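Trainee: Numbering-wise (our numbering), the sequence shown opens with residue 443 and increments by one. Note that CB positions come from ideal geometry on N, CA and C, so glycine has one too. Computed from a prediction, not measured in an experiment: that's the story for all the values here.
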Amino acid sequence: MLMDMRRGYPMCFFLEVRLAGPLHRQQFAAAVLSASARHPQTQMRVGYSRGRPVWLAPDQMPTVEWVDEATAAPTVLWRPIDLGRESGVRFIVIAEPSHRWRVVLQVHHSVCDGLAAVEYFGDLWACYSAATPAAFRSPARPARLVRAPTAPVAAGSHLTHESLAFARFFPEKLARPGTTTAAAHASLSDSLRTPYETFEFSSAFSLALRSAASRASVTLNDVVIAAVMQALLAWNAAAGHPAKRIRVNMPVSLRSPGARGPACNDMGYAFLDRTSDDCTSFCRLTLSIATASRWIQANRAAEWFLDTLAVLSRRPWLLWLITRLPICLSTAVVSNLGNVTPRLRARAHPPGHADPFAQPIADGKQVPDQWNVAADLQVTGMWAVPPIRPGTRAAVCVTTYGGRLHVAVLCDTQSLGHNAALGWL
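(1) Pull the bridge partners of Arg494 from the DSSP assignment, please.
(2) Contact defined as beta carbons within less than 8 Å: I believe Gln483 pairs with Met503. What is the distance between those atoms, to the nearest angstrom?
(3) Can you tell me which residues form a DSSP beta bridge with Gly823?
(4) Please report the distance separating the alpha-carbon of Glu642 from that of Tyr843.
(5) Are the segment 700-707 and the segment 559-569 touching by the rule of at least three beta carbon pairs closer than 8 Å?
(6) For Asp565, does the count of other Cβ atoms within 10 angstroms reach 16, so buried, or fall short, so exposed?
(7) How long is the line joining the alpha carbons of Arg527 and Pro684, rounded to whole angstroms?
(8) Spell out the partners DSSP gives Phe455 in its beta bridges.
(9) Can you tell me which of Leu457, Val531, Ser857 and Gly620 puts its alpha carbon nearest to the alpha carbon of Val488?
(10) Could you please give the first and the last residue of the uninterrupted alpha helix (DSSP H) stretch that includes Val670?
(11) Can you grab the Cα-Cα spacing for the pair Leu786 / Arg697, in whole Å?
(12) With DSSP as the reference, identify every bridge partner of Phe641, one or two as the case may be.
(13) How about Val827 and Leu852: are their beta carbons less than 8 Å apart?
(14) Alpha carbons only, please: which of Ser571, Arg542 and Arg726 is nearest the one belonging to Val509?
(15) For Leu847, which residues from the same chain have a beta carbon less than 6 Å from its beta carbon, with the 5 sequence-adjacent residues on both sides left out?
(16) Nearest-angstrom Cα distance between Ala837 and Arg716?
(17) Can you list, in chain order, the residues of its chain with a C-beta nearer than 7 Å to that of Cys721? Leave out the 5 residues immediately preceding and following it.
(18) Among residues of its own chain, excluding the 5 on either side of Gly493, which ones have a beta-carbon nearer than 6 Å to its beta-carbon?
(19) Which residues in the same chain have their Cβ closer than 7 Å to the Cβ of Ala734, if we skip the five residues on either side of it in sequence?
(20) If we call anything under 8 Å between Cβ atoms a contact, is Thr834 one with Cys770?
(21) Check each candidate in Phe724, His860, Ala744 and Pro522 and name the one with the smallest Cα separation from Met692.
(22) Please name the residue, chosen from Cys554, Gly710, Leu748 and Arg766, that lies closest to Arg831 on a Cα-to-Cα basis.
(23) For Glu538, which residues from the same chain have a beta carbon less than 7 Å from its beta carbon, with the 5 sequence-adjacent residues on both sides left out?
(24) Secondary structure at Ile764, three-state DSSP: helix, strand or coil?
(25) Output the distance between the C-alpha atoms of Ile523 and Ala658, rounded to the nearest integer angstrom.
(26) Go ahead and pull the three-state DSSP assignment for Gly564.
(27) Does the beta-carbon distance from Ala850 to Thr505 come in below 8 Å?
(28) If you draw a straight line from the alpha carbon of Val535 to that of Val546, how long is it in whole angstroms?
In structure tokens:
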């Protein structure tokens with residue numbers, strides 16, 4: 443499924459890292475080589491054996507493309523990745539005025555998930571700063587195979603019940619707006635415009651939002667999903683096509699706590715279905731999502747999706763058919779990578795200061811921006827956004843970096859128009 447390479451809907455996600463200071467090309471290219479050596483799947487292509495896709499031995503390094511307003515060509519810049527001919531990772535380094543840089547990782551999802559991509563960049567950042575990359579701290583096999591003795595195991599009845607519930611609920615697509623209301627892109631020319639749009643909340647607002655969620659005994663992720671659900675309904679209502687049923691696809695990491703290893707996919711999916719009546723009260727909606735999220739975690743329900751795929755894989759043509767039916771399987775994808783600051787763990791820090799990564803750091807602990815400094819180069823922000831699939835016309839991702847909340851939106855421009863993501867933000 444992740445190796446789907448239809449040109450109209452490339453299975454690629456984006457990770458954008460913004461830097462301030464002088465960025466040295468040769469040093470960066472060398473860091474890409476060193477980091478990729480720790481993550482073999484970033485160097486692999488895909489071949490076919492008996493009609494099934496298989497990974498080939500590593501033989502292709504990720505490419506690095508340096509662009510500015512004079513050299514950018516959007517149709518080439520954001521072209522889909524052909525796994526049969528090239529690595530599933532591409533770096534696009536965009537030069538901006540005043541020694542500002544946007545380093546965009548375009549990653550084919552079959553290579554790894556978003557958290558793995560963040561850690562891959564963390565290794566690159568460590569290599570660039572001549573520091574020590576974080577040690578791998580978990581077995582390479584998927585965490586879902588390492589069950590606790592008391593962890594619930596998905597019974598056949600559970601899989602059947604959830605599969606039937608999924609099949610009986612028909613979510614509605616996002617509707618194309620009648621008029622374009624989004625403003626023109628403010629910061630970059632069209633030649634440098636990314637396929638997605640980004641927004642950054644202030645530290646004060648981000649802290650207030652996390653505090654409010656904590657007081658309500660919900661998580662920031664619950665609040666974000668509730669807000670997106672209401673935004674989906676508002677969008678369709680404004681477009682003149684009110685929706686009655688929506689579904690959010692929520693990627694869920696299956697990693698063991700503290701795990702870190704070579705880049706791969708270690709995730710499942712959970713699906714949250716709601717009607718328009720369920721979404722009238724933001725507080726009730728958020729609490730219902732919090733209850734569902736706790737149930738998903740307690741029952742390891744995100745793994746059931748993988749169990750279902752394992753059944754379907756016995757009939758490859760069936761999965762091929764399901765993914766190409768002209769139906770909407772999810773209204774939107776909503777991902778939350780959490781606090782990505784400690785995941786860099788580059789051990790790069792100002793001279794004369796203690797190494798903040800000498801001891802393991804919990805994901806909830808904030809690490810000041812100044813710790814992620816290599817010489818005069820500093821990471822100032824990080825965004826990510828998952829891919830969209832046919833029928834699923836919007837993807838939203840939330841990350842936290844340096845105590846600030848970052849939001850990125852990717853929309854199906856063929857269905858919603860070129861300014862849809864701006865309209866969302």
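Mentor: Let me lay it out:
(1) For the purposes of this step, residue 494 is taken as residue 52 along the sequence shown, with counting starting at 1. Looking at the DSSP assignment, Arg494 forms a beta bridge with Ser491.
(2) Residue 483 sits at position 41 when you count from the first residue of the sequence shown. Residue 503 sits at position 61 when you count from the first residue of the sequence shown. The Cβ separation is near 12 Å, so there is no contact.
(3) Here residue 823 refers to the residue found at position 381 when the sequence shown is read from its first residue. Partner(s): Arg460.
(4) Counting from 1 along the sequence shown, the entry for residue 642 is found at position 200. Counting from 1 along the sequence shown, the entry for residue 843 is found at position 401. If you take the alpha carbons of Glu642 and Tyr843, they lie about 10 Å apart.
(5) At 8 Å Cβ cutoff, the stretches touch.
(6) For the purposes of this step, residue 565 is taken as the residue at position 123 of the sequence shown. Buried: at least 16 other Cβ atoms inside 10 Å.
(7) In the sequence shown, counting from the first residue as 1, residue 527 sits at position 85. In the sequence shown, counting from the first residue as 1, residue 684 sits at position 242. Arg527 and Pro684 have their C-alpha atoms some 44 Å from each other.
(8) Numbered from 1 along the sequence shown, position 13 holds the residue referred to as residue 455. In the DSSP assignment, the residues bridged to Phe455 are Val549.
(9) Here residue 488 is taken as the residue at index 46 of the sequence shown, counted from 1. Answer by Cα proximity: Val531.
(10) Locating residue 670 in the sequence shown gives position 228, where the first residue counts as 1. Where Val670 is concerned, the enclosing alpha helix (DSSP H) stretches over Leu662 to Ala680.
(11) Locating residue 786 in the sequence shown gives position 344, where the first residue counts as 1. Locating residue 697 in the sequence shown gives position 255, where the first residue counts as 1. Approximately 17 Å, taken between the alpha carbons.
(12) In the sequence shown, the residue the question calls residue 641 occupies position 199. Under the DSSP definition of a beta bridge, Phe641 partners with Val849.
(13) Sequence index remark: in the sequence shown, residue 827 carries index 385 (1-based). Sequence index remark: in the sequence shown, residue 852 carries index 410 (1-based). Yes, Cβ-Cβ distance for Val827 and Leu852 is below 8 Å.
(14) Position 67 of the sequence shown, counting from 1, holds the residue named residue 509. When only C-alpha atoms are compared, the closest one is Arg542.
(15) Here residue 847 is taken as the residue at index 405 of the sequence shown, counted from 1. For Leu847, where only same-chain residues beyond five positions count, the Cβ hits under 6 Å are Phe643 and Ser648.
(16) In the sequence shown, counting from the first residue as 1, residue 837 sits at position 395. In the sequence shown, counting from the first residue as 1, residue 716 sits at position 274. Taking the straight line joining both Cα atoms gives about 17 Å.
(17) Position 279 of the sequence shown, counted from the first residue, corresponds to residue 721. The beta carbon of Cys721 is closer than 7 Å to those of Met671, Gln672, Leu675 and Leu727 in its chain, skipping five residues each way along the sequence.
(18) Translated into the one-based positions of the sequence shown, residue 493 becomes position 51. Correct list: empty, nothing qualifies.
(19) As a first step, residue 734 must be located in the sequence shown, where it is residue number 292. Non-local beta-carbon contacts of Ala734 in its own chain, meaning distances under 7 Å to residues more than five positions away in sequence, involve Leu714 in chain order.
(20) The count along the sequence shown starts at 1 and reaches residue 834 at position 392. The count along the sequence shown starts at 1 and reaches residue 770 at position 328. Taking 8 Å as the cut-off, the beta carbon of Thr834 is found closer than this to the beta carbon of Cys770.
(21) Here residue 692 is taken as the residue at index 250 of the sequence shown, counted from 1. Ranking Phe724, His860, Ala744 and Pro522 by Cα distance to Met692 puts Ala744 first.
(22) For this step, residue 831 is matched to residue 389 along the sequence shown. The residue with the shortest Cα to Cα distance from Arg831 is Arg766.
(23) Residue mapping note: residue 538 aligns to position 96 of the sequence shown, counting from 1. Only Arg544 meet the Cβ criterion.
(24) As a position in the sequence shown, residue 764 is number 322, starting the count at 1. In this structure, Ile764 counts as helix in the three-state DSSP scheme.
(25) The residue you call residue 523 lines up with position 81 of the sequence shown. The residue you call residue 658 lines up with position 216 of the sequence shown. Each residue's Cα considered, the two are about 43 Å apart.
(26) As a position in the sequence shown, residue 564 is number 122, starting the count at 1. Collapsing the DSSP output to three states places Gly564 in a helix.
(27) Counting from 1 along the sequence shown, the entry for residue 850 is found at position 408. Counting from 1 along the sequence shown, the entry for residue 505 is found at position 63. It is not a contact, given that the beta carbons lie outside the stated cut-off.
(28) Taking the sequence shown and counting its residues from 1, the one referred to as residue 535 is at position 93. Taking the sequence shown and counting its residues from 1, the one referred to as residue 546 is at position 104. Going by C-alpha positions, Val535 is about 6 Å away from Val546.
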